[in-house]
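Engineer: For the sequence shown, the working numbering puts the final residue at 179, and the numbers step up evenly by one.
Using N, Cα and C, we set each Cβ at its ideal position, and we do this for glycine too.
Nothing here was measured: the structure is a model prediction, and the numbers come from that model.
A single structure is presented below for examination.
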Amino acid sequence: MPKSRPELTEAEWAIIKAVWESEPCTAPDIQQKLRRRMAWTYSTVRTLMDRMVVKGLLTAEKVGHLTTYRSAVTRRQAQRGELFYALKHAFNGALTPMVQCLLETSELSANELAELEALIKAKKKGSRKPAGINTHNS
């Protein structure tokens, strides 16, 4: 069972993104998919994927000589884990300075600012997400 807030290494991010795009998949599938960006051998990819199974990030099913992998965490769960890691370690758990940093360093469009304002207003009213808000999951 994965932790509620998984923390992925850079290599694990590369693999899980490739798995999300093509699951169910095999280690050779992922090696092929990442071969231009990462010069990883099959054994490196297989080792990383097997470690991700142990960490609860992937599931593996062996049928004969073939092992098929699937993600055990959603993109949203992985993003939340990364966000909470940064919040805890870089901002000592203080949300306001983190948001302030993002606002000061990002070029936000008027539409993105409006979406953020709508999310804050909805949170104040007790709802999770206002209708029509396009939260980005990539």
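Going by DSSP, which residues form a beta bridge with S112?
Structural biologist: In the DSSP output, where bridge partners are listed per residue, S112 has L99.
Engineer: Would you identify the three-state DSSP class for L49, choosing helix, strand or coil?
Structural biologist: Here L49 sits in coil by DSSP.
Engineer: Compute the distance between the beta-carbons of P47 and G134, then report whether it is under 7 Å.
Structural biologist: It is not a contact, given that the beta carbons lie outside the stated cut-off.
Engineer: For Y126, which residues of its own chain have a beta-carbon under 7 Å away from its beta-carbon, when the five flanking residues on both sides are left out?
Structural biologist: Closer than 7 Å at Cβ, skipping near neighbours: E48.
Engineer: Thinking just about the alpha-carbon of each residue, which of A101, T85 and E53 is nearest to the one in E64?
Structural biologist: The option with the nearest alpha carbon to E64 is A101.
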